[in-house]
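Novice: Protein chains in written order, with the numbering used here: chain A, 382 to 713; chain B, 382 to 713; chain C, 382 to 713; chain D, 382 to 713.
Okay, here's the structure, questions in a sec.
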C-alpha cells in the first residue's frame, strides 16, 4: 500500500485526488492547500486528512507526493520532496525557468527518488494508440509532424500575466508531443526552431504582452520536420489533433466527441463538437497517467514522462520565445 | 446514505458492484453469491461483507437490492425484495416468462417499492443524446427506425439452451429501444410484428434449437415502422447502431471506437473497430444507469426504465418467437 | 460505328442522349418524341435528326434503339425493336405488368437481339465497388442486406396515379439491388417476402391509393435475409445506401456529397447533405451503364443488367404489393 | 463560336483538349506539338487540324490559344499570342523566372488580351465550396491556414533537374491557395516567409540538388498565419487538404475518394484511399476552369486566376527558395 500526500486542491488537484483515491493499493492520506476550505473539502471527499507541507515531508509513512499546486510552487516542492526521499508525481511544468527546472532534475537524481512529470497527453487513448502504431512500424519511419492545438477560448488577459507566455503555458504540451513522436525513440532531437505569432483573438493580450495565435516550425538533426499551429480560441471547442507522415503512411489523431450521434437535416449532416476542454478530453488520460505512475513505482520500470522530458520541453518553449522576439531562426 | 446489497458476483455483478461503490452517498454493504469465492473477492475489493439472501432481506439497514444474478433468479429475488420493502435495481430481463414478469410488476407496485430494470442502452451517451434530440423535436416526428444489433461472436450452443432463444436473450434490448424511440413519448405502441431468421453462423445453434441471424419488422398503431436486424456474429466486433427517420431529418447513432486514430497507407484509410463487446461499449452506460437509479430514489422522479418496460419488451420477444415459429405476422 | 435512335427527349432521355453523344464510336442519329419541340431541341444539341418510330425501325443503318420514353411505351417499343432486329437499351421498368414484361423478354430472345435494362444503380461507383469486393470474397459469404432508399420529397399525388405504386415505381431498384447482392452470383433466389407500409408523409397519397413509407423483408431459399426501408421524403436529401453483412465482415455504401468541405463552429461539425436526387447521385452511373452497353455489344459479353433481371425485379414488386394488400407473407 | 488553338498534346494538353472539345460554343480548331504523332492523334480525336505556331498566330479566325506545352515555352507563347491579339489560357507557371513572368503580364496588358493562368485548384468542387463559405462569412474572419500537399510518389531525379525546384514546381499551387484564402479578398498580402526542407524520400534528389519534403510559414501584413507542409511521397496517395481557422469556426477540405464504400472486418474499418493523383482529383477542376474561362470571355467578367496571380505565386516560390538557401526568414 502506497500512501500519498497531494499538494493542491484546486481544479487539477481535485482530478488527481479523485484518480488517486480510485486506485487499488494506493491511499490518499494527506491534502495540502493554503486555501483551507478547498483542502478540507477534498480531504473529506476521499477520507484523507488536511496537512501542512512540513508534516508531509516529516512523515515517514508517506511514499509519494503528488503536486498539483500552482506552477510557481513546483520546483520548491520537488526539491523538498527529493530531500525527504519521497517519490514525486508533478504536474507540468517543472518550472518556468529552465535553470531551476534543470536543478530540480539534478536534485531528484541525486536523491534517487522517482519523479514523473504529468504530460498527460501521452496517456490519451488516441495519442497513445498512435504512438503504439508508430513503435510497431505501421507507417515506417516518421518524417513530418503537424500538431494542431487550440483552446476553446482565451483566458482573461490578467491570467496570462503570470503564465510565462503562450509557448511556456500552452505549447509546452505540443513541444513534448513533438519530442515524443519525432525524437525520443528515433535517436533524434531538435536542431532549429522558428516561431511566429500574432494577436488575432483579443487585443488585451497584446498588452500583457503575449500573443494568442502562433506557429512553430522545428527541424530535427536528422532533417525531420514539425509544424505546430496554436490558437487561444476555436469557436467549435477544444481542438487537439496531430498527424504524422511516415515513409509508409500517415497516422491522424482526431478529436473526441461526447457522443456518436449524427443528425442529417435540411441544413446538412451534423456531428457533435469535440469534447469541450482539457478536463473532458483528457479525463481518461489523467487517470491513466496515475495508473502508469504507480505501476512503474511498483515494477521499477521507467516513466513514460520523466523530469528530463519536462526540462527538454521547457528549453523548446524558451527557444520559441526567443525566436518570436528576435524574428530569427534559433539553433538549439 | 443508502445501503445496498448486491446479488451476483459474476461478470455483470462485478460491474454493478464497482459502480455502486463509486457513488457518493451510497454504500455497498453486502454481496450475495452462491459461489463463495466470487462473493468474497468482490466484497473484499469494495469493503463489503458476504451475506446470505435471508440475512439481506432481514436487515432493516438495507435500502436497496441490486440484482445481477442469473436470469432465472430475477423474479424470485424481486418478489422477496418487494416483500421485504427494499427498493430494487434488477438486470434485464425480469423473467423469461411474461406471466411471471407481470406478476413481479404487480408485486412491486403492491409493495410500493421502487423498481428499475437495467436496460442500460437507454443510458448510453450516444443513444441518450439521440433521444434528447428527438424530445427537442430536432428531426420532427419520428417515423421509421432501423436498429442494427450484432454481437462479435456467437456463444457456445450449450449456453443458448437456457437463454430463451435469440429474441428473449438478445433482441430484448432492441425491443426496448423500439419502444423508447417510437412509442413511449409518442402515445404509440406496437400493432403488428413479423420475425424471420436463419442459422447462418453456426450449425450447432440449429440443434439448440435456435437461430443466429434474425430480422424483425414492427408496425405501430399509428403506422410507424421499425426494422431490426441482428446477428450473433460480426467479424468486426460489437455493432450497436440505430437510426431514426423523422419528418424533418434523421438521427444516426454510430458505434464507439477505442480511439480516434486513423491510419492511411497503401491499402486504404483505416479506423479502429468498434468497442469489442458490451462491457466496453456500455461501460459508461452501466455507470450512468446507477447514477440515475439513486438520483430518482432521492428525488422521487420516475425511472427511465421501469419494470413495466421490462414486461413490455418481453411481450414483444414472445411475439417474435411466435412469428418465427408460425411464419406469420402476429397482431399484438 | 454504331448508329443509335433515341426514344424520349424528356428528363431521362436528355441524359441518355448526352451520354450517347459523348461515346467514341457511337453516333446519335435519330431522336423520337411526340413532343416535337423537345425532340427538335435534343436533336439539334447533338447533331441528330428528329424521326418517327416507323422510320427508325425501317432504317437498316440503325443498330441500336435507346428507350427513355414513358413507362407505358416500353414494352411496345421493345417488341417493335426486336421485330426490326435492333439491339435495345431500355430504361427500367420493362413494363408494369409482369406478363407483358415476360413476353418482351421472350420476344428479344426469339429475335436474337441484345437487350439491356437500365438499372443504373449497378453502375454507381460506390455500389459497383462494393460488388467487386463481394466477388473478391473480402467479407466472405454475404448473409444479410439492409437497403435504405429515400427520396428527397414526394411527387404530387396525381403523378403517383400512373406509377404502379411505390413498390413498382420506387422499390423496383431496391429489389434489383437485393438480387444483385444476395442472389445472382450466389445461386440463390427470393423465397418469401413480407411488406408493410404507411402514409406518413402526405395524406393525399392515401387517396391515390398508395403509401409513402414502406418496409420489406425478403428471405432467400438459402436463408439469407434482406430488409429494405423506403420513404418518399427525407428532409436531408436523397438517401441511397446499403450494407451487407458477410461471414468475414461488412460492406457499407455511403451517400455521395457534392464536396468534402466540413465546417466546425459553435453549433457542431457540419458536412454537406448528400447529392440532391438521382440525376446528381447517379450522373456517373448513367454514363457508365451506356459505356458498358456498347462495350458488351462490341465484345459479345453478357450485360450486367438483362431483361430477365427486369422481369425478376417486377415479380418482387408484385409480391410486395400483394403482401401489403393481404397483410400476409408471400411465398415466391 | 470561339475557335481555339491548343499548344501541347501531352498529358495535360490532352485533358485541356478534351475539355475544350466538350464545350458548347467552342471549337478546337488547331493542335500544335513538335511531337507530330501526339499532335495528329489528339487532333484526330476531336476533329481538329495539326498546325504550326506560325500559322496559328497568323490565322485571324483563331480567338483563343490554350497553352499546355512544357513550362519553358510558356512565356514565349504568351508573348507571341499577345502580339497576335489572341486571348490566352495558359497552364501554370507563367515562367520559372519572375522577371520574365512579370514581362509577360505586362505584355498581355499592353496588348489588351485576356489571359488566365490555370491554377485549377481554385476550381476544385471542395476548395471552391470552402471559398464560397468564407466569402459568405460562415466562419468569420480567416486567421490561420494549414495546407497539406503531398504527391503519391516522387518523380525520377532527372525530371526534377528542369523543374525549378520543389517550391516552383510543386508548392506554386499552395502559394496560390495561400493568397486566395488569406489575402485576395482580405486586403492582405504576405509579409514574411520562412521555408525549411529535407531530403527524406530519395537521396538521389539531393544530387539534383533539390529537396523532397518541405515546410513553409508565411505571415501576412495583418498578422494572419499560414503553414504549408509538403512531401513528394505519401504512401496512401495524393493528399490535398487545407483547413482555415476563422474567428467563428473552421473549414476543412478533405480528400476525394473514388467511392464511398467502407469495409469493416477483423482488422478494422477501411475506407478507400484518396483519388490517386492530380489527373483524378482535379479532373472536374480542369473542366470547370475552362468553363469559367469561356464564360468570362463571353461576359467580360474578371478571371478567378489572372496572370498577376501567376506572378505573385512565383515570387513566393522564389522567396521560399531563398529562405531555404539562407536558412533565414525572408521579408517580402
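Heads up, the beta-carbon is just placed ideally off N, CA and C, and yes, glycines get one too.
Check whether chain C comes within 9 Å of residue 586(B), counting only Cβ atoms and requiring the distance to be less than that.
Specialist: Cβ-Cβ to chain C under 9 Å: no for residue 586(B).
Novice: When you compare each of 669(A), 634(A) and 612(A) to residue 641(B) by their alpha carbons, which one comes out closest?
Specialist: Residue 634(A) is the option with its Cα nearest to residue 641(B).
Novice: Please tell me whether residue 614(B) and residue 628(C) are closer than 9 Å, where the distance is taken between their beta carbons.
Specialist: yes
Novice: Could you check what DSSP says for residue 616(A) in three-state terms: helix, strand or coil?
Specialist: Three-state DSSP puts residue 616(A) in coil, outside helix and strand.
Novice: Run through the DSSP bridge pairs and tell me what residue 359(D) is partnered with.
Specialist: This structure does not reach residue 359(D), given that chain D is present from 382 up to 713, and the question cannot be answered.
Novice: Can you pull the chain A residues whose beta carbon is under 9 Å from the beta carbon of residue 654(C), in chain order?
Specialist: 645, 646, 647, 648, 649 and 650
Novice: Give a yes or no on whether the C-beta atoms belonging to residue 448(D) and residue 462(D) are separated by under 9 Å.
Specialist: yes
Novice: What's the C-alpha gap between residue 626(C) and residue 632(C)?
Specialist: 7 Å
Novice: Taking Cβ-Cβ distances shorter than 8 Å, what residues in chain D pair up with residue 575(B)?
Specialist: Correct list: empty, because the minimum Cβ distance to chain D is about 28 Å.
Novice: Is residue 422(B) near residue 402(B), with beta carbons less than 9 Å apart?
Specialist: no
Novice: If the cut is a Cβ gap below 9 Å, which residues of chain B does residue 617(D) touch?
Specialist: Contact of residue 617(D) with chain B by beta-carbon distance below 9 Å involves 644, 645, 646, 647, 648, 649 and 650.
Novice: How close, in whole Å, do the beta carbons of residue 443(C) and residue 411(C) come, if the pair is a contact with beta carbons under 8 Å?
Specialist: 7 Å
Novice: Chain C beta carbons: is any one of them nearer than 9 Å to that of residue 387(B)?
Specialist: no
Novice: Kindly list the residues whose CB is nearer than 8 Å to the CB of residue 650(A), restricted to its own chain and excluding five residues on each side of it in sequence; keep chain order.
Specialist: Contacts found: 643 and 644.
Novice: For chain D, check one thing: does any of its Cβ atoms lie closer than 9 Å to the Cβ of residue 448(A)?
Specialist: For residue 448(A), no Cβ of chain D is located within less than 9 Å of the residue's own Cβ.
Novice: Tell me whether residue 408(C) counts as near the ligand SAH, meaning its Cβ is closer than 8 Å to at least one heavy atom of that ligand.
Specialist: Within the structure as shown, the ligand SAH is missing, as the structure has no ligands at all.
Novice: When the Cβ atoms of the segment 667-684 of chain C are set against those of the segment 497-514 of chain C, are three or more pairs found closer than 8 Å?
Specialist: yes
Novice: Since residue 527(B) contacts residue 636(C) with CB under 8 Å, what's their CB separation in whole angstroms?
Specialist: In fact, because the Cβ distance is near 15 Å, the residues do not count as touching under 8 Å.
Novice: Between residue 455(C) and residue 508(C), what straight-line distance do the alpha-carbon atoms span, to the nearest angstrom?
Specialist: 26 Å
Novice: Whose C-beta lies closer than 8 Å to the C-beta of residue 514(B) among residues of the same chain, with five residues either side of it excluded?
Specialist: 520 and 632
Novice: Compare the beta carbon distance of residue 529(D) and residue 577(A) with 9 Å and say whether it is the shorter of the two.
Specialist: no
Novice: Quick one, are the C-beta atoms of residue 397(A) and residue 671(A) less than 9 Å apart?
Specialist: yes
Novice: Would you identify the three-state DSSP class for residue 629(D), choosing helix, strand or coil?
Specialist: coil
Novice: For the beta strand (DSSP E) holding residue 381(A), just list the boundary residues, first then last.
Specialist: In the structure displayed, chain A extends from 382 to 713; residue 381(A) sits before or after that span and is not available.
Novice: Going by CA-CA distance only, name the one from 400(C), 457(C), 699(C) and 562(C) that's closest to residue 488(C).
Specialist: 457(C)
Novice: Within the 9 Å Cβ cut-off, does residue 509(A) reach chain B?
Specialist: yes
Novice: Is residue 553(D) close to chain A, meaning its C-beta is less than 9 Å from at least one C-beta of that chain?
Specialist: no
Novice: In this structure, does DSSP put residue 537(C) in helix, strand or coil?
Specialist: Assignment of residue 537(C) by DSSP, reduced to helix, strand and coil, places it in the coil class.
Novice: Quick one, which of 585(B), 428(B), 572(B) and 617(B) has its alpha-carbon nearest residue 602(B)'s?
Specialist: 572(B)
Novice: Any beta carbon from chain D within less than 9 Å of residue 620(B)'s own beta carbon?
Specialist: yes
Novice: Helix, strand or coil: how does DSSP classify residue 453(A) here?
Specialist: helix
Novice: Residue 639(C): which of 551(D), 506(D) and 441(D) sits nearest, CA to CA?
Specialist: 506(D)
Novice: List the residues of chain C that residue 637(D) touches, going by C-beta distances under 7 Å, in chain order.
Specialist: 641
Novice: Whose Cβ in chain D lies nearer than 8 Å to the Cβ of residue 413(C)?
Specialist: Under the 8 Å cutoff, chain D gives no residues; its nearest Cβ is about 23 Å from residue 413(C).
Novice: According to DSSP, simplified to helix, strand and coil, what is residue 709(D)?
Specialist: Assigned with DSSP and collapsed to three states, residue 709(D) falls in coil, not helix or strand.
Novice: Quick one: what's residue 472(C) bridged to in DSSP?
Specialist: 499(C)
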